[in-house]
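First comes the structure, then the notes that go with it.
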Amino acid sequence: MVVAGVIAVCVVLAVLAFLVPRLSRHPERGTQRTLGLGARAGHKAPGPLGRWLSKPFHSSSRAVSRSGSAGRRARRRLPF
Numbered sequence: 539m540v541v542a543g544v545i546a547v548c549v550v551l552a553v554l555a556f557l558v559p560r561l562s563r564h565p566e567r568g569t570q571r572t573l574g575l576g577a578r579a580g581h582k583a584p585g586p587l588g589r590w591l592s593k594p595f596h597s598s599s600r601a602v603s604r605s606g607s608a609g610r611r612a613r614r615r616l617p618f
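Per our numbering, numbering of the sequence shown is gapless, rising by one per residue and ending at 618.
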């Protein structure tokens, strides 16, 4: 269920970044801040468990960043 949510957020951010690149920065940062909270909370667990619990949040944050930048990059490459 969480994976579907992250995928949905990435798709929405990519479309938003393509349509209005300047307005897509705020939702992207908000999503990354929320995922950062989860990563920090998971990282407080002791030992390797902390790394394992925080890793999905780090990779999701990276995916959100990539989808936003991909939408803005695609918009820049348009001929008009």
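Cβ coordinates follow ideal geometry from the N, Cα and C atoms, glycine included.
Under a Cβ-count criterion, where at least 16 other Cβ atoms within 10 Å of its own Cβ denotes burial, should residue i be classed as buried or exposed?
i: R578; result: exposed
i: L575; result: exposed
i: H549; result: According to the sequence displayed, residue 549 carries Val and not His. Classification for V549: exposed.
How long is the line joining the alpha carbons of residue i and residue j, rounded to whole angstroms?
i: V558; j: S592; result: 31 Å
i: P586; j: L616; result: 45 Å
i: R613; j: A555; result: 8 Å
i: F595; j: L573; result: 5 Å
i: V602; j: A583; result: 25 Å
Mind reading off the beta-carbon distance from residue i to residue j? Whole number of angstroms is fine, and I expect it under 8 Å.
i: S598; j: V553; result: At roughly 18 Å, the Cβ-Cβ gap does not stay under 8 Å, so S598 and V553 are not in contact.
i: G606; j: L551; result: 5 Å
Check your understanding: In chain order, which alpha helix (DSSP H) runs of at least 4 residues are fully inside the stretch 541 to 596?
Key -> 563 to 581
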